[in-house]
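Going by this note's numbering, the sequence shown opens with residue 2, and the numbers climb by one from there.
Yeah, the Cβ is synthetic: ideal placement off N, Cα and C, and Gly gets one too.
Heads up, the thing below is written out as structure tokens.
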Amino acid sequence: MTVKDSKRASIPEPSGLPFIGNVREFKSEDSLQDFDRLHNTYGEIFRLRFPGLGSCVFVGSHKLVNELCDEMRFKKSVQAELTQARLAAGDGLFTARTEEVNWGLAHRILVPAFGPMAIKEMFDEMYDVATQMALKWARYGPSNPIPASEDFTRMTLDTIALCSMGYRFNSFYKEEVHPFVHSMTESLVEIGNRSRRPEWANIFFPLSERKLDKDIKLMRRVSDELVQARKADQSGNKRRDLLTAMIVGVDPKTGQKLSDENIINNLVTFLVAGHETTSGTLSFAFYSMLKNPHTYKKAQEEVDAIMGRDAITVDKLSKLKYIPAVLRETLRQCSPIPGITFEALEDSLLDGKYPVKKGEPIAAMFSRSHLDPAVFGENAREFEPERMLDENFERLQKEFPNCWKPFGNGMRACIGRPFAWQEMLLTMALLLQNFDFKEHDPAYKLKIAESLTVKPKDFFMRASPRHGMT
Ligand code: HEM
């Protein structure tokens, strides 16, 4: 045995069963509870095996997540759910492998389109959609329960569609959802199902397979129509949105433009990646504030002090200090993407002792590392926005690099972060300015709905208008 070998430790793993491996570890109402239990049993690292699908290592401490964020040793892994999501979004930014030519091309063309000026220009359209939701809530009256997650999802979907491609789903004016939205929701569920079974097993689900194919075709046809309509537009339309950036943008490095197919992949990507995450965060934020009324009070006082009853502006949003801390704390405790997956560029030792093979997926579980007492103290599970005020947040990140990663890592981090941030600040400010909120059911305990992201399930609030809508 060499000195190096003597330091090695094997990664703990539950014993599995023939044919199904560790599938039976998932027995709770949501998989986050199962991961929590597995971490409590096996510690900061463990491996699960799924015959026909392969194995995955899960890490849940800040120390190990920090190690994975080293882009010289690890990269984003596109396997399991992400491979399945490629059926709908192909080599769009989220599901592309970093080495694919189209990732670099779209990344370089789209980064400026998500820059500060471009996002500021989207403010009025964001305000427009957020106001549609607020007007609906005003009409609900104070005694009717508001389905918070559902309405936030309508709002974020309408917002990303309007701001990125000038398209109105008008979800607040229809009972029936738009066919695109229907197909998107259905296909996300089936993509999740597919990622939990081996490829060969799909043959036993012919109806689901045909339905998935139909849903994906519909989403891509609607996206294609939008691209072609914009290209054919002779009206002197001067919109400078993401669709325009993709149609006219030229890669500064290669001089190439995006193909129509890649534009469609990215339109689908923006619609999917750009709404559930933001709506989940807003729902978790309201849930957490209402369970911790002193934080709710502080947030509303801040809005009153900065906005008064005047219209909200981008400049005023930049003055908020407590509400950004509420959002950061929400994203720490309840990341809508609770973990992301890496793989080692070469056979590697994690923490100098746990061997992982090149290419094996390693999931960084933020649902656990964001609660690491070594970073956030013994009250890590408490909702305390104060720890996320600018100065404290900067100090934390300096002392514990990569301790807060809800937007992902390095070059594959979220391109939509500034978009989501502005939309969330605006929505929080508008709602707190115009309503007093209460929990519908004070006995409600957080339940999680899972698809590609997580969000609160069956969470209802009540809203009393404070005065006429501002
Ligand atoms: C990537 C989180 C909002 C578009 C990511 C990743 C995370 C994330 C964790 C990395 C995924 C991975 O490594 O596999 C979030 C959260 C959001 C949010 C928490 C809201 C609170 C948005 C919005 C958009 C968007 C609004 C679109 C406008 C994307 C895209 C990528 C991405 C295109 C892939 C970037 C690349 O790899 O080049 N996001 N996201 N996201 N996000 Fe977001």
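task: Indicate the three-state DSSP secondary structure (helix, strand or coil) for Y355 in the structure shown.
output: Taking the sequence shown and counting its residues from 1, the one referred to as residue 355 is at position 354. Of the three classes helix, strand and coil, the one that applies to Y355 here is strand, per DSSP.
task: Could you tell me which uninterrupted beta strand (DSSP E) segments, each at least 3 residues in length, are contained entirely in the stretch 334-419, listed from first to last along the chain?
output: Counting only runs of 3 or more, we get 340-345, 349-351, 355-357 and 363-366.
message: Quick check: the stretch 327-346 against the stretch 405-415, are at least 3 beta-carbon pairs closer than 8 Å?
response: Yes: at least three Cβ pairs fall under 8 Å.
field: Cutoff 6 Å; reference L189; Cβ partners in own chain excluding five residues on either side
entry: Translated into positions along the sequence shown, residue 189 becomes position 188. Around L189, the same chain offers S452 and L453 as residues with beta carbons nearer than 6 Å, after the five sequence neighbours per side are excluded.
query: Comparing alpha-carbon positions, which option in V251, T342 and P294 lies nearest S78?
result: Counting from one through the sequence shown, the residue named residue 78 turns up at place 77. Ranking the options by Cα distance to S78, first place goes to T342.
task: Report the three-state DSSP secondary structure of V178 (helix, strand or coil).
output: Locating residue 178 in the sequence shown gives position 177, where the first residue counts as 1. Here V178 sits in coil by DSSP.
- prompt: Assuming N67 contacts P402 under a Cβ cut-off of 8 Å, what Cβ separation, rounded to an integer in Å, is found between them?
  reply: In the sequence shown, the residue the question calls residue 67 occupies position 66. In the sequence shown, the residue the question calls residue 402 occupies position 401. Right, their Cβ atoms sit about 6 Å apart.
message: Would you say the beta carbon of G1 is closer than 7 Å to some non-hydrogen atom of the ligand HEM?
response: With the chain running from 2 to 471 in the structure shown, residue 1 is simply not present.
- prompt: Between which two residues does the alpha helix (DSSP H) containing P207 stretch?
  reply: Counting from one through the sequence shown, the residue named residue 207 turns up at place 206. Where P207 is concerned, the enclosing alpha helix (DSSP H) starts and stops at P207 to A233.
- prompt: Would you say the beta carbon of S336 comes nearer than 7 Å to a heavy atom of the ligand HEM?
  reply: For this step, residue 336 is matched to residue 335 along the sequence shown. Relative to the ligand HEM, the beta carbon of S336 is positioned inside 7 Å of a heavy atom.
- request: Pick helix, strand or coil for L259, following the three-state DSSP scheme.
  value: Translated into positions along the sequence shown, residue 259 becomes position 258. Judged by DSSP in its simplified three-state form, L259 adopts coil rather than helix or strand.
- request: Compare the C-alpha of M429 against each of F36, V58 and L318 and name the closest.
  value: Residue 429 sits at position 428 when you count from the first residue of the sequence shown. Answer by Cα proximity: L318.
message: My assumption, with CB atoms under 8 Å, is that T160 sits in contact with V130. Please give the rounded CB distance.
response: Taking the sequence shown and counting its residues from 1, one reaches residue 160 at position 159. Taking the sequence shown and counting its residues from 1, one reaches residue 130 at position 129. Contact flag correct, Cβ pair sits at about 5 Å.
query: F438: which of P148, I21 and E210 sits nearest, CA to CA?
result: The residue you call residue 438 lines up with position 437 of the sequence shown. Closest in C-alpha terms to F438, from the list P148, I21 and E210, comes P148.
Own chain partners of A107 with C-beta closer than 7 Å, once the 5 adjacent residues on each side are dropped: On the sequence shown, residue 107 is found 106 positions in, with the first residue counted as 1. Correct list, in chain order: L94, L259, N263 and N267.
DSSP beta-bridge partners of L49: On the sequence shown, residue 49 is found 48 positions in, with the first residue counted as 1. Under DSSP, L49 forms a beta bridge with C57.
- prompt: Taking buried to mean at least 16 other C-beta atoms within 10 Å of its own C-beta, is Q434 buried or exposed?
  reply: Your numbering for residue 434 matches position 433 in the sequence shown. Flag for Q434 reads buried.
- prompt: Cα-Cα, which of A300, S289, L54 and M156 is closest to P443?
  reply: Mapped onto the sequence shown, residue 443 falls at position 442. Cα-wise, what sits closest to P443 is S289.
message: Quick check on the DSSP output: the beta strand (DSSP E) that includes A464 runs from which residue to which?
response: Position 463 of the sequence shown, counting from 1, holds the residue named residue 464. Secondary structure note for A464: its beta strand (DSSP E) is the uninterrupted segment F461 to P466.
- prompt: Under 7 Å from any heavy atom of the ligand HEM, does the C-beta of C415 make it?
  reply: If you number the sequence shown from 1, residue 415 lands on position 414. When distances are taken from the beta-carbon of C415 to the heavy atoms of the ligand HEM, the shortest one is below 7 Å.
Neighbourhood of A381 by C-beta, 6 Å cutoff - its chain only, sequence neighbours within 5 removed: The residue labelled residue 381 in the question sits at position 380 within the sequence shown. Only L372 and P374 meet the Cβ criterion.
field: Entirely enclosed alpha helix (DSSP H) segments - the stretch 86-159, minimum 4 residues
entry: Within the stretch 86-159, the complete alpha helix (DSSP H) segments at least 4 residues long are 102-111, 117-122 and 124-141, listed from N- to C-terminus.
- request: Ignore the nearest five residues each way along the sequence and tell me which others in W138's own chain have a CB closer than 7 Å to its CB.
  value: Numbered from its first residue, the sequence shown carries residue 138 at position 137. Correct list, in chain order: I147, F436 and A464.
message: Contact defined as beta carbons within less than 8 Å: I believe I12 pairs with P52. What is the distance between those atoms, to the nearest angstrom?
response: Locating residue 12 in the sequence shown gives position 11, counting from the first residue. Locating residue 52 in the sequence shown gives position 51, counting from the first residue. The beta carbons of I12 and P52 sit about 18 Å from each other, so the pair does not count as a contact at 8 Å.
Distance between A300 and P294 (C-alpha atoms, nearest Å): The sequence position of residue 294 within the sequence shown is 293, counting from 1. The sequence position of residue 300 within the sequence shown is 299, counting from 1. Each residue's alpha carbon lies about 10 Å from the other.
- prompt: Roughly how many angstroms separate the alpha carbons of E347 and T186, rounded to a whole number?
  reply: Here the question's residue 347 lines up with position 346 in the sequence shown. Here the question's residue 186 lines up with position 185 in the sequence shown. Each residue's Cα considered, the two are about 37 Å apart.
message: Here's a check: name, in chain order, each residue in its chain whose Cβ is nearer than 7 Å to the Cβ of Y168, leaving out the five neighbours to either side.
response: Working through the sequence shown from its first residue, we reach residue 168 at position 167. Shown here for Y168: same chain residues with a beta carbon closer than 7 Å to its own, the five before and five after excluded, namely A162 and L227 in chain order.
task: Kindly confirm or deny that the stretch 118-132 and the stretch 420-427 touch, where touching means at least three C-beta pairs closer than 8 Å.
output: The stretch 118-132 is in contact with the stretch 420-427.
query: Mind pulling the alpha helix (DSSP H) runs of 4 or more residues that sit fully within the stretch 240-304?
result: The DSSP assignment places complete alpha helix (DSSP H) segments of no fewer than 4 residues inside the stretch 240-304 at 243-249, 261-274 and 277-292, in order along the chain.
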